[in-house]
Each structure stands twice: as structure tokens, then as C-alpha cells.
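Number of protein chains: 2
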Amino acid sequence: MSLLVVGSIALDSVLTPFGDTADDPGGSALFFAAAAALLHPVQVVGVVGSDYPWSALEALARRGVDLAGVERAEGESFRWKGKYSYDLSSRETLETRLGVFAGFRPKIPAAFRDARFVFLGNIDPELQLGVLDQVKEPKLVACDTMNYWIQSKRDVLLELLRHIDMLIVNDGEARELSGEWNIYRAARWLLTRGPRLAVIKQGEHGAILMAHDYTFKVPAYPLEEVFDPTGAGDAFAGGLMGHLARSNDVSEANLRQAMVYGAAMGSFAVEEFGFRRFERVTAGEIAARVRAFRDLVHFDAPAGG
Amino acid sequence: MSLLVVGSIALDSVLTPFGDTADDPGGSALFFAAAAALLHPVQVVGVVGSDYPWSALEALARRGVDLAGVERAEGESFRWKGKYSYDLSSRETLETRLGVFAGFRPKIPAAFRDARFVFLGNIDPELQLGVLDQVKEPKLVACDTMNYWIQSKRDVLLELLRHIDMLIVNDGEARELSGEWNIYRAARWLLTRGPRLAVIKQGEHGAILMAHDYTFKVPAYPLEEVFDPTGAGDAFAGGLMGHLARSNDVSEANLRQAMVYGAAMGSFAVEEFGFRRFERVTAGEIAARVRAFRDLVHFDAPAGG
Chain A
6 MSLLVVGSIA
16 LDSVLTPFGD
26 TADDPGGSAL
36 FFAAAAALLH
46 PVQVVGVVGS
56 DYPWSALEAL
66 ARRGVDLAGV
76 ERAEGESFRW
86 KGKYSYDLSS
96 RETLETRLGV
106 FAGFRPKIPA
116 AFRDARFVFL
126 GNIDPELQLG
136 VLDQVKEPKL
146 VACDTMNYWI
156 QSKRDVLLEL
166 LRHIDMLIVN
176 DGEARELSGE
186 WNIYRAARWL
196 LTRGPRLAVI
206 KQGEHGAILM
216 AHDYTFKVPA
226 YPLEEVFDPT
236 GAGDAFAGGL
246 MGHLARSNDV
256 SEANLRQAMV
266 YGAAMGSFAV
276 EEFGFRRFER
286 VTAGEIAARV
296 RAFRDLVHFD
306 APAGG
Chain B
6 MSLLVVGSIA
16 LDSVLTPFGD
26 TADDPGGSAL
36 FFAAAAALLH
46 PVQVVGVVGS
56 DYPWSALEAL
66 ARRGVDLAGV
76 ERAEGESFRW
86 KGKYSYDLSS
96 RETLETRLGV
106 FAGFRPKIPA
116 AFRDARFVFL
126 GNIDPELQLG
136 VLDQVKEPKL
146 VACDTMNYWI
156 QSKRDVLLEL
166 LRHIDMLIVN
176 DGEARELSGE
186 WNIYRAARWL
196 LTRGPRLAVI
206 KQGEHGAILM
216 AHDYTFKVPA
226 YPLEEVFDPT
236 GAGDAFAGGL
246 MGHLARSNDV
256 SEANLRQAMV
266 YGAAMGSFAV
276 EEFGFRRFER
286 VTAGEIAARV
296 RAFRDLVHFD
306 APAGG
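If you read the protein sequences in the order shown, they are chains A and B. Note that our numbering has the first sequence beginning at 6, numbered continuously upward. Note that our numbering has the second sequence beginning at 6, numbered continuously upward.
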């Protein structure tokens, strides 16, 4: 079952207490693809400038990422520069240069329009709606957004919600969009606006999946070292959607498993700068981490009650 | 197997966005006992002033709480007044009047000295050590503390850690005590200082149990309404220790279950002011909530990997 992601492709410069990078390949589409490709082939739609290091994309292509939808435009690539606090719990954006991303109008190649699983990375909700006009009959559409769009394009975003199956946002975004401080009330509110599945990412505290008739919680993997949180949310979405696409199964049982694959990929993402960790993750490591999540939360049903 | 708690018995005045109370029975020993008594009889050692509403204690006595260790001293009872922020995520202490609690020197009645499960609520670590001198052969000693003691009596606290089995603290306390910001590193540090079990409470994000060879995480119950967080941590400890005492089993499997009973009791605590909710909780409600925790975190092992 084909899996499509539309989102940003960037060059990130990240400062953490443990070191820094300059013009390192990143962006929502690439973090998503690097993680998802470990489970299932991925089709990417995005744009890069003429200065983009194409070799980084070729390395992804060798691992099952179809780049036929990556447009190479004249001009500078999208650049983001951010600095994390000493404890990695907050970050400050130092610089954003949109470059060719400013004129990005996603064009879905004909070969991608049959995609059954679609992830709309964090871009202008008008463009996200435009993508939905181009895909034929997706089985599950998931979508991310951010505070910037919640504030500046709320009406378009609310319209978009009516056309998607799953919203994947972090806790702050869920609160801002819903006006509810309680995270479960926020998720409940989202379910009244269109999506039948609300996923709320909580960083080091894991993530929640809320459907109309059940709630699932996956903790974050207990890492004693966190290196660079950049892209963890998109890697989470990649693991989640990659598992759904490879199994072609959106049942409750499989969605719960998909959340765990998401959390596993999120945990790999933060272990190194950028998405380097995904270049070396083996199937055995993924299986071991998923088993570790079971050990982490498992308890026997009490005998009496 | 007898279960003993030593801690504060207070009159709390609490201001929340949803209402307020004045001179309401509380304190670590009573929140612990109210929760634990739903699972197993509890022996309480503490002190109240001559102004304490004895009827509140008698209500607990009818539910399996042995008050033979509650001293009634001349003077004013311990009073605490606090105000919660609009979202209940932080609180400010408006007033603390120690009253007779200032002179509290726990005397364990002869009939309580055989206690097999002991919880040392948050009091001066010198007094906590003094309690350990009075109990004969406990099977498991758990202990709470707070930033005030971490700052003012660090050496005594470190000595105490060498004599207990389980430290139960919140994330901020674990960080301050260990000097480690990462919560898993903080727990690991605690395990090098004496206790073989470290429990770190994370409020709305649940709690972690770390032993030398395993880590267990229980989320918080997904409540869409939280009324008053006061005492939730002590109720958590009460559920945890109550389950251990009634089963007389400190195996890994049973400790995992005990964490869930702790989280269940913590979730009941916040549903009403003070420990009122525990006056009505039924065995059926407890069993249903424990089952709900299983539903919340359960996922099937993936077929392949």
C-alpha cells in the first residue's frame, strides 16, 4: 500500500549543549521518510533549492524513498536554525529562511496519486487541502500543523480537519487549537471537528491516541541520553504511518501497534543529530525497541480485582 | 501483613479555580491511609492538636485505619494553605503553621513495631531514621521527602537512603537530590545510594518505577476533569503500599501491579477536595480503573518484529 508524504525539505543548523550542526539535511518530509522507510517504501513530495546536497537524498533513495516528487527549483533551499536549552526541554528559532519553500505548490506526480496512506507534513493548510484534491482515494490521511497556522489560518485549518482521518499535533498545538488546557478534553474537541483519530505528542512523556471509543497511551522510550530532539515528531509520524501502510490495517489493534512504532522511531531520532541514526537502525533494533516498550508498560491483570 | 504509615496530619485550606476549602482534614499520613485502607488495614502514627476534628479520624477508623499511634497534643494542629494556578499545574503555599507538628517525635506503639510494610511520609529525615530504629523487621520500607529536606538536611537524607528499600519522590525532587536533569539518570543515581527501588511521580504524566534490572512506567489515568491535586502523591503511595501489604509480595510482577493501584488511587484523589472521594470508592470502581489502565496501554506483540 503506497505511502505518500508532503512536507518541507530543509537544511537545519542546530545548536545543542552537546554540539552543533550547519546546513544538515532535515525538514518534516525527510525525517518522516527516513523513519517510515525502515518499515515501508515512501513517496516524497517537496522542493529543494539548487544548493541542496543531492547526495543526502540519494542515500534515502537507496533505502526505499521515491524522490520523483521532489522538485529542484532555482534558488536557495529552506533553512532553519535553532538553539536548544541546556536541558533540551525548549528551543528558540534563531533564523528561518524560506528560500524556494516560499513558492512551494505541491504537485503530486501521477504515479503517486493512488497513494492509500497520506501524511500532510506541517505546511500551509491551503497547500495541504490542495494535496487532498490531487490524491484519488486515500484510505487514511494524517496531518500535522503548527501554532503559526493555528493563529494565521484558523478557518482554513478547521476546513482541512473536516477532510482528514487523523490529526497529529503536539500538546501545545492541541491546546491552542482547541482552547482546552486539559489534554484529553483538547483531543475530544478535535474529534468533534472532523478527524476520527487524534494523536497528541507529548515529547519526553510519550503520545496519546484518542478515538471516539478508546484512548491509547504510549510512553516515550526511557532514554538516559538525548542528543538532538529535532525531527522526533516527524519521525514519530513516519513510524506510525509506515506501520499502517505496510500492514494496510487501520483497526484499533493495529493503530495501537503503530503508535508504538512511532514512539520507537521518535526515540531513535533523538539519539543523534539529524536523521543519521536511521541510516544504521536495523530491523533487529526496531523489534528490540518495540519489545522494550512492552516490558516498560506491561503488568499482569490482578487476580481478584 | 501489617502496614504502617508515619507522617503529617493536617488541616488544609486549598484554593482552586473550582472552589476552596478551609481547615479540611489532610496531610500525608491521612491521604496515604484513606487510599491504602481501601486495599488493606493501615496503622497511622502522627500528631494532631487539641482543635482537630476527631470525627474525621473516626470515619477513617471505621474503614480499617488504626489510630492507636495518633497522639493528641495540647495546641494548634498543623495547618497548610495553598493556591493552585488556573490550570492546576503549579501551586503556591500561602501559609504553613506547624503547631503541634513542630514538636512531633514519632513514637511507634508496641503493637505497630512488627509492621512488615512501612511508609515514611514527608517529615524531617532525622525523624524518619528514628522510626526505623523502632520497627523490628520490616519487609519493605518506602520513604518520601521534599525539597526543603534535600536542601537543609541532605547528609541525614543520604544516610536515610542507605536504610530504605524504596524512595518515592516527584520529578523535581529526584532532580534536585541527584543533580541529574534526565529523570532516568536521576532514578539510576538514587539506586546507587541505597534503595533498590526508585519511584518517580510525574503528576499528570504518571510515574516510573526503576529497579536495577527493569523499568516500569504507568501513565496517569486520563481524566478530563481534575478538581484538586492535593494529596495525590500520598494517595499514590497508599495504593502502591496497600497492594504490596495485602499480597505480601514484592516480586517485580507485583510491584508493577502495585504501581497501577497507586496510579488508580492518585486518580481518585484528584476528583474531589481532600480525601472525600475515598469515602465512596467501591471495590468495583477500583477494579474497573485498574482494568482501564490495561486498556490504556495494551498493545499486541507484533507478528514479525
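Note that CB positions come from ideal geometry on N, CA and C, so glycine has one too. These numbers were taken from a predicted model, which means no experiment stands behind them.
Contacting residues, own chain, Cβ-Cβ under 7 angstroms from residue i (five flanking each side not counted)
i      : result
G54/A  : A78, G80, E81, S82, G104 and V105
T150/B : N127, P130, L162, V174 and E178
Close-in-space but distant-in-sequence residues of the same chain around residue i (CB under 8 angstroms, 5 per side omitted)
i      : result
A250/B : M6, S7, L8, A41, L44, H45, R121 and F122
H217/B : L196 and R201
G310/A : Unreliable placement is indicated for G310/A, whose pLDDT of 47 sits below 50; the coordinate value is still reported in the next sentence. None.
W186/A : R180
L301/B : P224, Y226 and P227
Unbroken alpha helix (DSSP H) run spanning residue i, endpoints
i      : result
I291/A : A288 to V302
R190/A : I188 to L196
R159/B : R159 to L166
A15/A  : Run containing A15/A: none in the alpha helix (DSSP H); it sits in the beta strand (DSSP E), A15 to T21.
L132/B : P130 to Q139
L43/B  : Premise fails: L43/B is in no alpha helix (DSSP H) and is neither H nor E.
A66/B  : W59 to A66
D176/B : D176 to S183
Continuous beta strand (DSSP E) stretch holding residue i: start and end
i      : result
G279/B : Per DSSP, G279/B belongs to no beta strand (DSSP E) and is neither H nor E.
E100/A : R96 to R102
D71/A  : V70 to R77
L93/A  : Where L93/A is concerned, there is no enclosing beta strand (DSSP E), given that its DSSP letter is neither H nor E.
D29/B  : D29 to G31
V105/B : Where V105/B is concerned, there is no enclosing beta strand (DSSP E), given that its DSSP letter is neither H nor E.
F122/A : F122 to L125
K206/A : L202 to K206
A352/A : Limits of chain A in this structure are 6 at one end and 310 at the other, which puts residue 352/A out of reach.
Contact set for residue i: own chain, Cβ-Cβ below 6 angstroms, skip 5 residues either direction
i      : result
V295/A : V265 and A269
F36/B  : G236, D239, A240 and F280
E213/B : Here residue 213/B is Ile; the residue named in the question, Glu, does not match the sequence. Same-chain partners within the cutoff: I205 and K222.
W154/B : P130 and L162
S183/B : A191 and W194
Y89/B  : T21 and R96
L172/A : C148, L195, P200 and A203
P114/B : A73 and G74
R167/B : G199
R102/A : R84
K86/B  : S18, L99 and E100
Exposed unless 16 or more other CB atoms sit within 10 angstroms - verdict on residue i
i      : result
W59/B  : exposed
R282/B : buried
A308/B : exposed
A293/A : exposed
R159/B : exposed
L99/A  : exposed
Q133/A : buried
E209/A : buried
Q262/A : buried
V51/B  : This sequence places Gly at residue 51/B; Val is not what is there. The residue is buried, with at least 16 neighbouring Cβ atoms inside 10 Å.
Y219/A : exposed
Y91/A  : exposed
A116/B : exposed
Cross-chain neighbours of residue i in chain B, by beta carbon under 7 angstroms
i      : result
W186/A : D92
V265/A : F304
V174/A : Per Cβ cutoff of 7 angstroms: no residues; V174/A is ~17 angstroms from chain B at best.
Residues that residue i contacts on chain A, provided the C-beta gap is smaller than 8 angstroms
i      : result
H217/B : Those within 8 angstroms of H217/B in chain A number zero; the least Cβ separation is about 14 angstroms.
R285/B : By Cβ distance, chain A contributes nothing, its closest Cβ being about 17 angstroms from R285/B, past 8 angstroms.
R261/B : H303, F304 and D305
Contact list for residue i against chain B, beta-carbon separation under 9 angstroms
i      : result
L228/A : N187 and Y189
P130/A : Those do not exist, as P130/A stays about 27 angstroms from chain B at its closest Cβ, beyond 9 angstroms.
R193/A : E229
R299/A : F304 and A306
H210/A : Q207, E209, H210, G211 and P224
Where residue i meets chain A, residues with beta-carbon distance less than 7 angstroms
i      : result
P224/B : K222 and P224
R198/B : By Cβ distance, chain A contributes nothing, its closest Cβ being about 17 angstroms from R198/B, past 7 angstroms.
A258/B : D305
Under 8 angstroms from the C-beta of residue i: neighbouring residues of chain B
i      : result
A237/A : In chain order: nothing, as chain B lies at least about 15 angstroms away.
V19/A  : Those do not exist, as V19/A stays about 19 angstroms from chain B at its closest Cβ, beyond 8 angstroms.
Hey, which unbroken runs of the alpha helix (DSSP H) at 4 residues or more fall wholly within the segment 212-269 of chain B?
List check, alpha helix (DSSP H) in window: 237-252.
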